[in-house]
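Chains as they are written, first to last, in the numbering used here: chain A, 51 to 352; chain B, 2 to 485; chain C, 163 to 275; chain D, 1450 to 2065; chain E, 461 to 641.
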């Protein structure tokens, strides 16, 4: 059997790179937050240290097999999502499996992890976890709707559901979908705020309120795996948005720049906003983002 | 063997019974059974003959149109068979059910009812029809009051009051007809009435509609029916529903098809049938007493039959006959089982039936079975007749009656199933150990088997229904055979 | 003609009694009157002015001169039936009076609705 | 004799025999019931290769039974679910009363469903439809006093449905003079267009009741939740599909001639969408597990109806795929909830909690079930959802797809609540006695779980018979491979790759997390949680289950206020009042009755011209 | 190439480095000392630059910060919180009260020496200690960690009976759940 080494390379390295980039972004977020709050802030590699520390915890507890598998579900979802997104445009190494799936698949695999985590959190028996899950799922219903509207608008406009086809369409920066379909972008980016879980939509983990919500019984290697997964997932989502709206990237530098700019939107929003209650955030997602979504579809249809 | 047996033998038995009563009570009970068994035998033997070719029996030697004739055609064959068979089953049921004295009077009146009903079906003479009507009616009044209680007498009096009206109008109609055509033979009248002035004919028609409409429970002439059904002993309720009303409807339709066969009349019947059915079903919905509920249901079913007759096409008439057959069977089954349920629960109220399904599994089963059958669910026989009625109505191009019939079916389902629910699911423990007598169970069992059999193999009955319907609709052949 | 008029009048009087009078006995009487009215009507139908009995009692008698015998036969039967009905009715009234201690038809309505 | 005759004969005769045997030799009863169901399954499989037709006359009609690829699809569903249900019922019902009644009606239901799918004429279709209806009604009211009004509601709605079917049948008969399916299909175009639409709408209403489309769904939640669990599995899994069966026939075999029909289809699709969305919302706020699943069923049937109504090859494939799949996963879920009920005696989600370690296999079944329902890869639900979305987008139902997507996202909420409340969460002392259910109950659940897994990886295996069925329905040209699905724009998804990637990553991560510090990883009870240092009492209730989705409820509160159920109840009550009023016509006064007679006489005489057309 | 011993040494160094710079604190605000934490964490002193951050639950935490005196009642909670933490875990006694009872030295229901009940790694003295002192305490802990001397958890496990005995002495209604150590 002939082995496609460049593909193997991609499979091995994509998650690693995604992890590193994601975790660095996480560190930078903390630092930027600190600077805005007139603090010095931790070093940018602080999150890597945190994760290493969590993995190096000597004792771990779980409340049963679902809690044990919860973070595994999460990281499976993140890595699978990543594998089905073309990270670098036209690169034989970083295309991975992106020709075997499409946007609908990505939509679903993205919630796979949250559901797995929710199951794990459920088994801990901690009421805070359950409250967190309840809030998270409610909010999910909120932001998925405008997000899907945006995607539907795009899919209809370009008559494809494949991410690679969308990338092929945006061969010049004037043809980026952000310009071709601005309303879809608006709807999607507002949904993206919810998806990232930063303030004002951080009611799920709400540390001072429900003791960090779903992960409140997770510690040690479980928490480590969760944070790893979160880093990868953040990067995967950023790449997805870049691919859809910003025309993807031919090389790493562009990718980093584009993703970083995208990433700053929720981060900077998060720093200056207080927290929405669950129903407020659902209502928010069903007001302006929904409006933009409908507008996007109407623009496409007529 | 001749059709005269159908009238003569029960009449003879009716007078024999009081005498037999002097000898032995058992004899009183057995004689009607033997008579009905014999009549059933006769009807089954005569059935193919009558269906094939009408038998016209001349009484007392006078030739028609002067003498009284008996016309034993396909439909008469069918109805006599139905009456005798149902009568036999009712006797079987009564055998242990009627334990109150005076038993001989009960059986005497019962025999009179059979006489009257078969007479109505068989006779070819309009005044003779009136006489048989009166025989039936008087027997029915008396049977209604048979239990000698307060309500029975009341019901019987109302029945009598309205029934007298019916006979009055009927007699008036006969008088007017006779004044105009000077004949009493139905076939002869059918020929000659064409020459009578339209206004007179119409007046006669209205009088017939009222007179016979009362007996066939047409709204708003059916005020007597719920009371009489519910206060008479249960087998008598079955007799009313299964025999008397059928005979009345038959005579109404015979007269209308013979003398007044016009679309307007049929449409009027159609509308009246619908009104009757709807009002009866709606009234049944909230009844407190089970037998009263059955009475209203009976009226509703007769409404359905009248609707089908009102369409007036051959398929619809056939469907109406089929429905009459099924209704006779199923309603008898329901009255039988309800009779024992009421007897066991000690109250006529539906609410007293809670949990009887556990005490009296078989009787309750028969009731549930009958309930499912009368709603018209397959695989019971009621399904086919309802289906045929609907198909024939639609064939005539009408859709509104179809919808209304189905709505009333839903209402019917609601009130029947409520009772069934109560029987089985409202109370869990068994309390009573009294048994339903075997003869009653056999009677119900026979009906059940026939209902199922017809349900699975409707051709059994349907094949005989086609000539019957043709017979009823074919005026020419009636005249031809009735007058030689 | 007078027979017809009288018979119809009788029927109407009887109807009135049945529909308006509250006493059960009176109602039954009303029914009887209606019956009699109809009987009279039937006889009137068969009546031939100056007719004879429908028997060929003397030679040369034409059938058209006889009264019609059929209505008479009918009336006989009807009278018998009417009698029977009246008898049943009266016996029922006795029973009703035993139970209700009244003959007012408005008060005898335990069975309703 | 051929297989179809055997199937119907054995099932119906078996029902009667089971009932009789119950009263004679109790232990034989279960064996006979299982044998009957198994032989039904055997003959259904036999019949797959045959193409047979039985014709015989009943009454004036030709009764025709035969199998088509379309009916085969449903027959297999019925046979498998019927068999598994009876297998499951063996232990579940062991302690119950009136088992003869139960098994007889269960087999009647199964037989009725066989009859429906094998009927090639409308008379036997209606015949079996009614048989199925009343036998299922008898099963709904089986349990207790509380079930009676619910059963009545079920029956009334079923009757409305059945009778609108009947009206349609009667109309067809009046128009074409024939009730054989093949004949009708040929002559249907000759009927006037208005009548075509009316007939189609009536048929859709009739079938729609069983498949619980929105304004006709109100019977479903209560009936599903009150009926005994083994039957509920069949009820939701197979019986509701009979409506779908009929809707498919109507949409593609009957009324494809008329131009107006596209409007009916659009309305139907939107009704399906609204059904899906609202049923999902209602499901979220249920506290009874079976009721939740009942609403979930309604929602899922909404998807199927959308798929059928949209009518592109891919959407029909999605709908039929969902039919099979919904049969499997809803049966799994009901069986799993039934297992909980079997051991705890309640399905109240507020009181049962933390059963995962006591009933692990039931938990796995439910986990597979909810993953399938939610449509998350890699199980079968995803393939169905994928096809549905793609087809909706490509057939330009943009807003419908949003509604559907919102519904299926909201479905996560109730699915999570279901599994969380019953199996996850605090392990309360109250349920410490609970054990796993007996083997005979587990087998059906595990078989179905295996099936949804296979259907997820190799959807092509299920799509093979579906494509045959679709050819029968007159739809060609939809492309698939064993594990690759294509949409109409040529995009594809390779389920094999998906499962490989997910499996590999899951395995690596799982192994890592398991073997990393294996010795120092320990299990602690669910009482040992972070409670700010407080020490919970042994019987202290730490479960968060009541008002689980209060925030969400607050967010969508306005949408929940209107309840169709209440409207129906009001209509029903008012009608009953009106009926009650009518019976006051019967005053009880004999004189009044006499007055009626005379008045009626006068009226007839007065209006003789109006009535009889002749002036008096 | 490295041999096993050297490899594990390097791994240890990395581990300790990470542990040292990532101290997640569960602060048990038992006494007045809790008021000193907000300034420590926020922009004036900004403890986060040393990798110190608050954690919501003991499951995620590394450091148990006992800010002030402990009454018998709170001791029970503190013990439970401590035992729910994952190893390696550290305890910082904050203020004089944790050392010797401080101003509550003669109170009947206050724990005098925390070290008898939980293995304290670092004491920060003062009443109250300023944020500077707190940070210096943390830095001391970091030093101990990098030297591998912060082995409070190990001590606790090894001398569990002794600690339990002491704990039971003051906690009269001992209804603690048994942990499967």
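Ideal placement from N, C-alpha and C gives every residue a C-beta, glycine not left out.
Any beta carbon from chain C within less than 8 Å of residue 1697/D's own beta carbon? no
Let's see if you can read the secondary structure: which residues bound the alpha helix (DSSP H) around residue 1524/D? 1518-1541
Excluding the 5 residues flanking residue 325/A on each side, which residues of the same chain have their C-beta closer than 7 Å to its C-beta? 249, 250, 252, 253, 256
Let me know the secondary structure DSSP gives residue 1568/D once reduced to three states. strand
Going by DSSP, which residues form a beta bridge with residue 1659/D? DSSP, once it has assigned bridges, lists no residue as partnering residue 1659/D.
Pull out every residue of the segment 179-203 of chain C whose Cβ sits closer than 8 Å to any Cβ of chain B, in chain order. 180, 186, 189, 193, 196, 197, 200, 203
Listing by chain order, which chain D residues have their CB less than 8 Å from the CB of residue 287/B? 2025, 2028, 2029, 2032
Chain C contact for residue 1681/D (CB, 8 Å cutoff): no
Which listed residue (481/E, 628/E, 566/E, 549/E) has its alpha carbon closest to that of residue 95/A: 481/E
Could you give the uninterrupted runs of the alpha helix (DSSP H) lying entirely in the segment 1782-1863 of chain D, keeping only those of 4 residues or more? 1809-1823, 1829-1843
Where does residue 230/C fall in DSSP's three states? coil
Using 8 Å as the limit for Cβ to Cβ distance, is residue 1929/D near chain A? no
Buried or exposed, going by whether 16 or more other CB atoms sit within 10 Å of the CB of residue 163/C? exposed
Just checking: is the beta-carbon of residue 1982/D within a distance shorter than 8 Å of some beta-carbon in chain H? The displayed structure is made up of protein chains A, B, C, D and E, and chain H is not among them.
Is DSSP giving residue 610/E helix, strand or coil here? coil
Separation of residue 530/E from residue 322/A, as counted between CA atoms: 38 Å
Expressed to the nearest angstrom, what Euclidean distance is found between the alpha-carbon atoms of residue 140/A and residue 295/A? 17 Å
Any beta carbon of chain D sitting closer than 8 Å to that of residue 173/A? yes
Classify residue 1629/D as helix, strand or coil using the three-state DSSP reduction. strand
Run through the segment 82-138 of chain B for me and flag every whole alpha helix (DSSP H) of 4 or more residues, listed as ranges in chain order. 104-123
Whose Cβ in chain D lies nearer than 8 Å to the Cβ of residue 517/E? 1979
Own chain residues within Cβ distance below 8 Å of residue 217/B, not counting five before or after: 246, 249, 250, 253, 303, 307
According to the Cβ coordinates, are residue 237/A and residue 346/A closer than 8 Å? yes
How about residue 342/A: is its C-beta nearer than 8 Å to some C-beta of chain E? no
Host alpha helix (DSSP H) of residue 484/E (start-end): First-last for residue 484/E: 483-488, but that is the beta strand (DSSP E), not the alpha helix (DSSP H).
Between residue 540/E and residue 636/E, how many whole angstroms is the CB-CB distance? I'm expecting something under 8 Å. 7 Å
With the cut-off set at 8 Å, would you say residue 1868/D and residue 1781/D are in Cβ contact? no
Would you call the segment 1728-1736 of chain D and the segment 1856-1864 of chain D in contact, with 3 or more CB pairs under 8 Å? yes
Would you verify that the beta carbon of residue 506/E is, or is not, closer than 8 Å to some beta carbon of chain A? yes
Can you tell me whether residue 287/B is helix, strand or coil according to DSSP? coil
Which residues, in chain order, does the segment 1604-1620 of chain D contribute to contact with chain B at a C-beta distance below 7 Å? 1604, 1605, 1608, 1609, 1612, 1615, 1616, 1619, 1620
Could you tell me the alpha carbon to alpha carbon distance between residue 212/B and residue 289/B, rounded to whole angstroms? 30 Å
Own chain residues within Cβ distance below 8 Å of residue 549/E, not counting five before or after: 521, 522, 523, 524, 542, 612, 613
For residue 1502/D, list the residues DSSP reports as bridge partners. 1515/D
Compare the C-beta of residue 520/E against all C-beta atoms of chain A and say whether one is closer than 8 Å. yes
Mind checking if residue 245/A is an interface residue toward chain D, Cβ cutoff 8 Å exclusive? no
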